[in-house]
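Heads up, the thing below is written out as C-alpha cells.
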Amino acid sequence: LNYGGKNPDCFQCIYLFRSIQADDDLKSMFVGTVMRKIKSRTWKKHRYFRLQEDCMTIWSSGSLESYRQVISVGDVEAVREGHQSEVLLSIADEFPPDRCFTLVFRGRRGNLDLVAESAGEAQSWIKGIRKLIDNLENMGQREKLDQWICDWFKKADKNRDGQMNFKEVRDLLKMMNVDMNEHHALRLFTMADKSQSGTLEDDEFVLFYKMLTQREDVLRVFQEYSGNGQKLTLQDLKDFLREEQLHEDGIQQYGCTFLTQASSKMLQAMTFDGFLMYLTSPEGSIFNPSMVELYQDMTQPLCHYFISSSHNTYLLEDQIRGHSSVEGYIRALKRGCRCVEVDCWDGPNGEPIVYHGHTFTSKIFFKDVVTVLGNYAFKASQYPVILSIENHCSVEQQKLMAQHLTQILGDKLLKSPLDGKILISLPSPEDLKGKILLKGKKIGGLEDGMNGKSKQHLSKELSDCVVYCKSVHFSGFKHSQIHSKFYEISSFTESKARKHIREAGAEFVLHNVRQLSRVYPSGLRTDSSNFNPQDMWNAGCQIVALNFQTAGVEMDQNDGLFSQNGHCGYILKPAFMRKIDERFDPENPQNDGYKPLSLSIQVISGQQLPKVNMKEGSIIDPLVRVEIHGVPLDQAKQETRYIDNNGFNPVWYDTLQFTIHVPELALVRFVVEDYDKTSKNDFVGQFTLPFTCIQPGYRHIHLLSKDGTSITPSSLFVNVRITNVN
C-alpha cells in the first residue's frame, strides 16, 4: 500500500497502513464494496464504497471509475447496526437487519443509510469504521496536526507523484490560510530541499512543515524558564507550574508526572517538544480536566439543578414546514439532553401522532418516539430524563399513549413515588438514576392519590404516569408560596419569564428553590431560533428549553454550561440559589457574599484556523472576541485587532480585561471571526465554558464549529489571570 509510489512514513497514516495489513475488516474496506444507498422506500441505488489510502476518507460512486463523493471518517460520530433509522425501518420488510447499518454524522448533517450484499460485508464495514473512529479519538494533539498536514499535502500534490515542487508548495500555503512572502517561502523551501532536487518528498516535507509550524510564542515562554534555553529541569518545570499555571497542591508529583510523560530519557529533562505537548494536552487546556468529569453532588432535590432541555425535540428544521423525526430525540439525548418534548395529537387508526399542531410539519407516531426514548435515554447519562407532554389527544388516544409508555418503557417509567413514600421535596438525580419521568397534567395530587373525580379532559391511565412533574398554571409568586406543591411545575414563555425577572427577580429565584420551572421559546420563533438562556438561568429556572436543531450563540451557551460534570445533563445551581433563607436578585447581585473577580485574558496567537471562504486565494483576517454571559452586570464583550491575511499562525498579544460580579453564573465565550470592513464578519470558530471551569495560566483553547463539533487542529493560545478585585 502506498501513496503516489511512496509510503508516507513521516505521518500518522503509517500506523493506519500497518493496521490495514493486519486487519481483515480494514482490508475488505480498502478493496471496496458495492452497497445500496437508501434515501426512502422508493430511492434505493447501488453505490461503490472504498476506503482510501489515507484511512481517513471513504469514496463512493455510481460506478467503479468515477468517484463522486468523499466521506471523512472524522465526520462520522457513530455507526448504528440494523434498522435503527426511520429510513431503514421503512424498508425493514425488504432487507434483514444484519445487512443494514447507518452512518451518523456529527453536527446537523443527515444520516447515510446503507444495505450491504451480505451480513458479513455489513459487519466488516461496521467494525472497520468503528476502529477508524476509535483511532481518531485516541490521537494526541500533535498526531492530529500531523494528520491535518498530511491531508493538505495530498490536496496540494496535484499530479499525485508524492513530491511537491515550489508551485505546489505555494498553492498549499494559500489553501492553508498562509499569505507568505514569496522570497521567505522560497527560502524555507530551499532549506528543506536537502537533496537539491527542486522538490520536497517524505522527510523534506516534514522539515518544511516543522519550520512552518515553529511556535515562537511557546518558545518564548519555554526559554523564560529554561536555564540553558534547551531543556526544563524538574525545578524549572515546578517554577513554571507554580508561577504561571498557579498549581499549588502536589506540584512535585505533578511535575514528575509530566517530566516522565514528555521528557528526554537521556537528559531526564523536558525538551521544547515535550513542553509543547504538555500545553496542547488536556492538562494544558483552558478547561479544567477535573471538571470535565462528574464532580458535583448529585443527591440534592431535582429543583436544585439546571437541566439540559430541548423544545419541540421532534423538529429537525423550522416550526412551520420542518421535518419531524425521531432522529431529533436521538441527537438531543446523545448530547446529554435530559428533558425532551412531544406534542401529541390524535392520529389515524387510533394511533397518537407527534407534530407541531396546525402547521405543515411532517408527522411521526408517538409509539416510535417512546421506543427511541427507551433505547437512547441513558446512552449519554444515567440521570433521569423528563418527557414533557403537550397533550392534545382525545381521552381514548390518551389511554393508548399510557399503554405505549407502560409497555415499551417498562421499569424505566416512574409510575409511583420512590419507595412508596410521599416526600416533602423532590428526589435527587441520584435517586432517580435510570428513570423516565412524565411531565403533564394529573388528576389530584400525590397526597390524596386518585380520590378526585376528574373534570379535566384527561384519562386516568395517562394521569397515573405523572408523579413528580405535575403541570399547573402559574398564578403568581405569592399564591405559589402558599398553595403550590413541591412536585408541581409551571411553564413560562420567554417573554413571561423575562417580565417576572424584571419585576420580581428575587421572588422567581426563591420559587425555583422549591419547585421546577420550564421556560420555552415564543411561538413567534417560527424559524426555530432561540432566546438567551442565560437570562433564565440567572433566575434559577431549571428547564430552559431550546431548539437543539438551531446552531448559534444560544446553543453554544447551553453546550458550554453542560460541558462540565461528565456531560450528564445536570448542573448543580450555586449555593445562593438553593437556600430558602437567601435573597438573590440577578438584577442587583451585590449581596452579603459579594466578591467580584478580575479576569485578564491575553490573546497570544491562533493555530491553523479554518478557511471560511473557499474561493481560491482567499485568506482570512482573524480577530478574537471574548464574551461574558452572566447576570446583567457581567454582560460584556471585547475583541482583539484583526490580523491581515493569516489564518495559519496569527499573533496578537492583545490583553482583554473584565470584572466578573457573579462568577458562579458566568460563561466565557471565545469567538474567532474573519474581519470584513464592508459587511458582517464571518464566523470561524468558538469555544464556550463556565467561568468556574477555567484553568489560569498559559492555555490552549481547542475551537469548535458552529455545530459544536471539533475543528482540529484549530486553536487559540492565551494567558489567563484571575484575581480578586480590591
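Take the sequence shown: its position 248, counted from the start at 1, is 248 in full-length UniProt numbering, and no numbers get skipped. Note that CB positions come from ideal geometry on N, CA and C, so glycine has one too.
Please state whether DSSP places Tyr67 in a helix, a strand or coil.
-> Position 67 of the sequence shown, counting from 1, holds the residue named residue 67. Confidence at Tyr67 is low in this model, with a pLDDT of 47, below 50, so the placement of that residue should be treated as unreliable; the coordinate-derived value is given next. In the structure shown, Tyr67 sits in a strand (DSSP, three-state: E or B).
By the 10 Å Cβ neighbour count, where 16 or more other Cβ atoms means buried, how is Trp43 classified, buried or exposed?
-> Here residue 43 corresponds to residue number 43 of the sequence shown, with the count starting at 1. Result: exposed.
Which residue spans inside the UniProt domain "EF-hand" (144–179) form an unbroken beta strand (DSSP E) run of at least 3?
-> 163–165
Helix, strand or coil: how does DSSP classify Ser605 here?
-> Position 605 of the sequence shown, counted from the start, is the residue given in the question as residue 605. In the structure shown, Ser605 sits in a strand (DSSP, three-state: E or B).
Using the beta-carbon count (16 or more within 10 Å), is Thr723 buried or exposed?
-> Indexing the sequence shown from 1 puts residue 723 at position 723. It counts as exposed.
Can you tell me the Cβ-Cβ gap for Arg80 and Phe101, rounded? I've got them flagged as a contact below 8 Å.
-> Indexing the sequence shown from 1 puts residue 80 at position 80. Indexing the sequence shown from 1 puts residue 101 at position 101. Their Cβ separation, rounded to whole angstroms, is 6 Å, which keeps Arg80 and Phe101 in contact under 8 Å.
Hey, could you find the ends of the alpha helix (DSSP H) Leu51 is sitting in?
-> Indexing the sequence shown from 1 puts residue 51 at position 51. Taken as a continuous stretch (DSSP letters only), Leu51 belongs to no alpha helix (DSSP H), being part of the beta strand (DSSP E) at Lys44 to Leu51.
DSSP state of Asn558, grouped into three classes?
-> Taking the sequence shown and counting its residues from 1, one reaches residue 558 at position 558. Helix.
For the segment 367–432, which segments carrying the alpha helix (DSSP H) assignment without a break, of at least 4 residues, lie completely within its bounds, in sequence order?
-> 395–409
Could you pull the start and end residues of the beta strand (DSSP E) that Thr723 belongs to?
-> Stepping through the sequence shown from its first residue, residue 723 is reached at position 723. Element bounds for Thr723: Ser710 to Asn724.
Around the C-beta of His404, are 16 or more other C-beta atoms found within 10 angstroms, so that it is buried, or is it exposed?
-> Here residue 404 refers to the residue found at position 404 of the sequence shown. Looking at its Cβ environment, which holds 16 or more other Cβ atoms inside 10 Å, His404 is buried.
Anticipated Cβ contact below 8 Å, Ile58 with Ile38, distance rounded | Walking along the sequence shown from the start, residue 58 turns up at place 58. Walking along the sequence shown from the start, residue 38 turns up at place 38. The Cβ separation is near 17 Å, so there is no contact.
Kindly indicate the opening and closing residues of the beta strand (DSSP E) around Thr33.
-> Within the sequence shown, the letter at position 33 stands for residue 33. Note, Thr33: beta strand (DSSP E), Thr33 to Ile38.
Which class does Ser471 belong to by DSSP, given the choice of helix, strand or coil?
-> As a position in the sequence shown, residue 471 is number 471, starting the count at 1. It is a strand residue.
Cβ-based burial, Thr688 [other Cβ within 10 Å; buried from 16] = By one-based count along the sequence shown, residue 688 stands at place 688. With 16 or more other Cβ atoms within 10 Å, it is buried.
In three-state terms, what does DSSP make of Met450?
-> Working through the sequence shown from its first residue, we reach residue 450 at position 450. Residue confidence is low: Met450 scores 47 on pLDDT, short of 50, so the model does not pin down where it sits. Its coordinate-derived value is still stated next. If DSSP states are grouped into helix, strand and coil, Met450 belongs with coil.
Taking the continuous alpha helix (DSSP H) assigned at Lys677, which residues delimit it?
-> Here residue 677 refers to the residue found at position 677 of the sequence shown. That residue, Lys677, is in no alpha helix (DSSP H); it is neither H nor E in DSSP.
How many angstroms separate the CA atom of Ile595 from the CA atom of Asp634?
-> By one-based count along the sequence shown, residue 595 stands at place 595. By one-based count along the sequence shown, residue 634 stands at place 634. According to the sequence shown, residue 595 is Lys rather than Ile. About 13 Å.
Looking at the structure shown, is Leu136 part of a helix, part of a strand, or coil, going by DSSP?
-> As a position in the sequence shown, residue 136 is number 136, starting the count at 1. Correct three-state label for Leu136: helix.
What is the rounded straight-line gap between the Cα of Glu86 and the Cα of Ser40?
-> Within the sequence shown, numbered from 1, the residue matching residue 86 stands at position 86. Within the sequence shown, numbered from 1, the residue matching residue 40 stands at position 40. C-alpha separation (whole angstroms): 9 Å.
Beta-carbon separation of Lys637 and Arg625 under 7 Å?
-> Position 637 of the sequence shown, counting from 1, holds the residue named residue 637. Position 625 of the sequence shown, counting from 1, holds the residue named residue 625. It is a contact, given that the beta carbons lie within the stated cut-off.
Three-state secondary structure assigned by DSSP to Glu587 | Here residue 587 corresponds to residue number 587 of the sequence shown, with the count starting at 1. Reduced to three states, the DSSP call for Glu587 is coil.
Cβ-based burial, Ala539 [other Cβ within 10 Å; buried from 16] | Here residue 539 corresponds to residue number 539 of the sequence shown, with the count starting at 1. Buried is the call here.
Where Leu716 and Leu241 are concerned, what is the direct C-alpha to C-alpha distance, given to the nearest angstrom?
-> Counted from its first residue, the sequence shown places residue 716 at position 716. Counted from its first residue, the sequence shown places residue 241 at position 241. Approximately 20 Å between the Cα atoms of the pair.
For Phe360, is the classification buried or exposed, using 16 other Cβ atoms within 10 angstroms of its Cβ as the cut-off for buried?
-> Walking along the sequence shown from the start, residue 360 turns up at place 360. When all chains shown are included, Phe360 counts as exposed.
Minimum length 4: unbroken alpha helix (DSSP H) runs contained in the UniProt domain "EF-hand" (180–215) | 182–192 and 203–212
Could you check how far apart the C-beta atoms of Pro352 and Cys339 are, in whole angstroms? I think they sit under 8 Å.
-> Here the question's residue 352 lines up with position 352 in the sequence shown. Here the question's residue 339 lines up with position 339 in the sequence shown. Rounded, the Cβ-Cβ distance is 20 Å, inconsistent with contact.
On the three-pair Cβ rule with 8 Å, is the segment 457–467 touching the segment 498–505?
-> no
Helix, strand or coil at Asn512 [DSSP, three-state] | Looking up residue 512 in the sequence shown gives position 512. Asn512: helix per DSSP, three-state reduction.
In terms of alpha-carbon separation, which member of Phe562, Gly229 and Ser618 lies closest to Asp273?
-> As a first step, residue 273 is located in the sequence shown; it is residue number 273 there, counting from the start. Among Phe562, Gly229 and Ser618, the Cα nearest to that of Asp273 belongs to Gly229.
Select from Gln686, Lys460, Gln549 and Pro574 the residue whose C-alpha is nearest the C-alpha of Arg331.
-> By 1-based counting over the sequence shown, the position of residue 331 is 331. Among Gln686, Lys460, Gln549 and Pro574, the Cα nearest to that of Arg331 is on Gln549.
Just checking my contact of Pro417 with Gly505 at CB under 8 Å: how many whole Å lie between their CB atoms?
-> As a first step, residue 417 is located in the sequence shown; it is residue number 417 there, counting from the start. As a first step, residue 505 is located in the sequence shown; it is residue number 505 there, counting from the start. That pair is no contact at about 33 Å.
Cβ neighbour criterion (16 or more within 10 Å) applied to Ser324 | Translated into positions along the sequence shown, residue 324 becomes position 324. So Ser324 ends up on the buried side.
What is the C-beta distance between Met35 and Ser124, in whole angstroms, given that I count them as a contact (C-beta under 8 Å)?
-> Mapped onto the sequence shown, residue 35 falls at position 35. Mapped onto the sequence shown, residue 124 falls at position 124. Actually they are not in contact, since the Cβ atoms of Met35 and Ser124 sit about 11 Å apart, beyond 8 Å.
Inter-residue CB distance, Gly440 and Lys412 (contact presumed, cutoff 8 Å) = As a first step, residue 440 must be located in the sequence shown, where it is residue number 440. As a first step, residue 412 must be located in the sequence shown, where it is residue number 412. Not confirmed; about 17 Å, so no contact.
Among all the DSSP beta bridges, which residues are the ones paired with Cys303?
-> Along the sequence shown, one-based indexing puts residue 303 at 303. None; Cys303 has no bridge partner.
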